[in-house]
Amino acid sequence: MEIIYKPIGVVHTPLTTFDNIPRSPSDGTGIKGTVEILEEYRDGLKDLEGFSHLILLCHLHRSKDFKLAVTPPMDSESHGLFATHSPNRPNPIGLSIVGLEKIEGNLIHVVNLDILDGTPLLDLKPYIPEYGEDTEFQTGWFGKAKKAGPE
Numbered sequence: 019m020e021i022i023y024k025p026i027g028v029v030h031t032p033l034t035t036f037d038n039i040p041r042s043p044s045d046g047t048g049i050k051g052t053v054e055i056l057e058e059y060r061d062g063l064k065d066l067e068g069f070s071h072l073i074l075l076c077h078l079h080r081s082k083d084f085k086l087a088v089t090p091p092m093d094s095e096s097h098g099l100f101a102t103h104s105p106n107r108p109n110p111i112g113l114s115i116v117g118l119e120k121i122e123g124n125l126i127h128v129v130n131l132d133i134l135d136g137t138p139l140l141d142l143k144p145y146i147p148e149y150g151e152d153t154e155f156q157t158g159w160f161g162k163a164k165k166a167g168p169e
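Numbered by the working numbering, the letters in the sequence shown go through residues 19 to 169 in order.
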């Protein structure tokens with residue numbers, strides 16, 4: 019089965035190479051950019067400005083071939099691809115939660131970006147904390163690696 023998506027916009031950021039892409043969402047704190055929505059979808063932005071954060075779903079257009087086992091930068095051990103945030107995936111879809119600063123026409127000004135410049139936007143949604151009320155999280159290998167730090 020083939021699934022085809024049409025981008026609804028593009029993300030513009032100062033991040034142009036993999037070398038300066040944040041390794042975690044918190045590393046993107048303060049990085050500003052814009053999300054340019056295609057004119058045909060502009061009316062869908064109505065009432066969005068009342069939210070503080072957005073979920074961006076993107077096509078990771080510069081993703082490379084994926085491997086089913088990867089070693090993340092913050093660990094020295096290999097992990098299954100689906101237990102990591104590697105951008106190189108069978109379906110290179112990225113998810114980022116960003117701060118919403120303001121909307122001007124079809125431009126959404128956002129902050130706390132971890133997305134490469136020119137990344138196609140597939141969808142966006144308001145972030146609603148009440149949808150994730152369960153506060154008991156387990157972070158698997160990541161919690162252990164974070165405590166130990168990279169070797």
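By construction, the Cβ of each residue, glycine as well, lies at the ideal position given by its N, Cα and C atoms. In this text the structure is predicted, and so the values were computed from the model without any measurement.
Item	Value
Please report how far the alpha carbon of ASP83 lies from the alpha carbon of THR89, in whole angstroms.	15 Å
Does the contact criterion of 3 or more C-beta pairs under 8 Å hold for the segment 95-107 versus the segment 66-85?	yes
Comparing C-alpha positions only, which one of PRO25, PRO40, ILE39, ILE111 sits nearest to VAL53?	PRO25
For ASP61, which of helix, strand or coil comes out of DSSP?	helix
Give the range of the beta strand (DSSP E) segment to which GLU67 is assigned.	GLU67 -> no beta strand (DSSP E), and no H or E assigned at all.
Measure the Cβ-Cβ separation of PRO138 and PHE69 and say whether it is below 8 Å.	no
Pull up the DSSP beta-bridge partners for ILE126, would you.	VAL53, ILE121
Rounded C-beta distance between ILE133 and CYS76? I'm assuming under 8 Å.	6 Å
Cα separation between HIS127 and GLY46?	15 Å
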